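Residue numbers (our numbering): 448 to 791. See structure below.
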Ligand code: AMP
């Protein structure tokens with residue numbers, strides 16, 4: 448946190464910092480500790496207000512923020528309000544983003560609405576204690592194409608793009624983002640997640656624990672670029688979701704024989720999740736809505752609300768590829784058909 452405090456040149460005792468993320472979401476560590484460690488004020492937006500323009504914008508204006516910390520999605524939501532700009536927040540000087548991709552168009556719009564403010568993109572998973580890279584998105588960078596860089600490592604941290612043997616790849620080559628250094632947690636309480644996670648580095652690679660992020664990326668000119676995931680993790684409104692885990696929760700419910708969960712993506716962003724379920728007994732068409740609601744209710748016993756698929760559709764069987772794997776392309780097409788925006 449010290450590096451971010453000094454990088455952002457925050458003024459002790461004078462900063463008013465926005466908290467948009469719930470305290471259970473690691474993004475909140477950035478705003479909470481930036482405010483606390485500079486003797487500033489933290490303005491927390493209550494959950495109910497986050498998507499209610501009638502109360503949100505008057506509250507933001509009254510807060511007179513100097514530092515904005517949020518997901519890019521929340522800033523995009525705010526940009527839909529024409530008065531969201533320097534007139535509403537005249538003292539705003541810094542906007543810090545983390546948790547998901549910051550689209551260049553969003554950065555451009557923010558720089559236009561807040562000409563006096565700096566826009567920063569920061570990156571890092573929970574396992575490496577929030578942000579490990581950062582970069583100021585200048586108007587020149589924002590004018591360029593996506594993806595924007597996520598930045599250069601924090602002091603003392605090593606962040607590199609690796610091949611399967613963890614060796615650093617040449618600039619421009621795509622691989623997995625790996626992180627080592629003091630911000631890396633020692634591991635999970637319940638052991639490592641399957642297939643990725645914490646690894647011990649051999650002495651030749653500096654020793655210690657590194658975290659394989661599962662993020663696909665490349666490095667160029669000392670900057671890291673993220674281009675997606677190597678697994679089925681998605682971000683929904685900034686929340687990190689493992690689709691495999693949601694499927695596992697679904698198939699544990701009574702009467703569910705098989706399940707596949709897919710993100711519905713519009714304009715490059717996950718809008719919601721759809722689950723395809725094979726149930727025994729299969730509900731008849733008239734009972735499908737009630738059966739889906741029942742499954743959603745039961746999922747609520749083990750999953751937070753944002754991880755529960757908005758739509759659950761019943762199929763007699765999951766479609767398979769010639770190799771016998773679940774045919775996710777076919778399911779994507781089915782999800783598209785149902786979810787297509789109205790024409791005209
Ligand atoms: P979380 O542990 O919830 O903070 O999620 C961490 C994941 O969010 C990372 O592994 C990335 O997939 C994604 N992420 C975080 N920050 C960024 C960013 N600035 N750009 C793109 N993806 C990001």
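Where is the CB? At the ideal position from N, CA and C, for every residue including glycine. Here the structure is a predicted model, which means the values were calculated and not measured.
Using the Cβ count rule (16 or more neighbours within 10 Å means buried), how would you classify residue i?
i, result
"residue 642", "Note that residue 642 has pLDDT 43, beneath the 50 cutoff, so the model's placement of it is unreliable and the number below is only indicative. Counting Cβ neighbours within 10 Å, residue 642 comes out exposed, since fewer than 16 surround it."
"residue 686", "buried"
"residue 710", "buried"
"residue 580", "buried"
"residue 635", "exposed"
"residue 593", "exposed"
"residue 467", "buried"
"residue 455", "buried"
"residue 655", "exposed"
"residue 522", "buried"
"residue 767", "exposed"
Measuring only the C-alpha atoms, how far is residue i from residue j?
i, j, result
"residue 694", "residue 780", "19 Å"
"residue 520", "residue 713", "13 Å"
"residue 662", "residue 603", "21 Å"
"residue 613", "residue 620", "13 Å"
"residue 717", "residue 499", "20 Å"
"residue 527", "residue 583", "23 Å"
"residue 529", "residue 506", "16 Å"
"residue 463", "residue 568", "19 Å"
"residue 744", "residue 738", "10 Å"
"residue 725", "residue 770", "20 Å"
"residue 778", "residue 707", "8 Å"
"residue 599", "residue 669", "6 Å"
"residue 734", "residue 517", "41 Å"
"residue 461", "residue 484", "12 Å"
"residue 480", "residue 487", "10 Å"
"residue 648", "residue 659", "11 Å"
"residue 752", "residue 758", "13 Å"
"residue 730", "residue 764", "13 Å"
Name the DSSP beta bridge partners of residue i, please?
i, result
"residue 673", "664"
"residue 627", "605 and 657"
"residue 567", "543 and 583"
"residue 682", "687"
"residue 761", "724"
"residue 645", "658"
"residue 600", "580"
"residue 767", "773"
"residue 615", "609"
"residue 781", "In the DSSP output, where bridge partners are listed per residue, residue 781 has none listed."
"residue 465", "490"
"residue 634", "Answer is none; residue 634 lacks a bridge partner."
Can you give the beta carbon distance from residue i to residue j, rounded, assuming they're within the 8 Å contact cut?
i, j, result
"residue 631", "residue 657", "7 Å"
"residue 541", "residue 511", "Contact flag wrong, Cβ pair sits at about 14 Å."
"residue 690", "residue 703", "At roughly 15 Å, the Cβ-Cβ gap does not stay under 8 Å, so residue 690 and residue 703 are not in contact."
Segments of 3+ residues assigned as beta strand (DSSP E) that fall wholly inside the segment 703-752: 703-713 and 716-726
Continuous alpha helix (DSSP H) assignments of at least 4 residues falling wholly in the segment 500-542: 500-510 and 519-526
Whole runs of the beta strand (DSSP E) within the segment 468-499, excluding any shorter than 3 residues: 488-491
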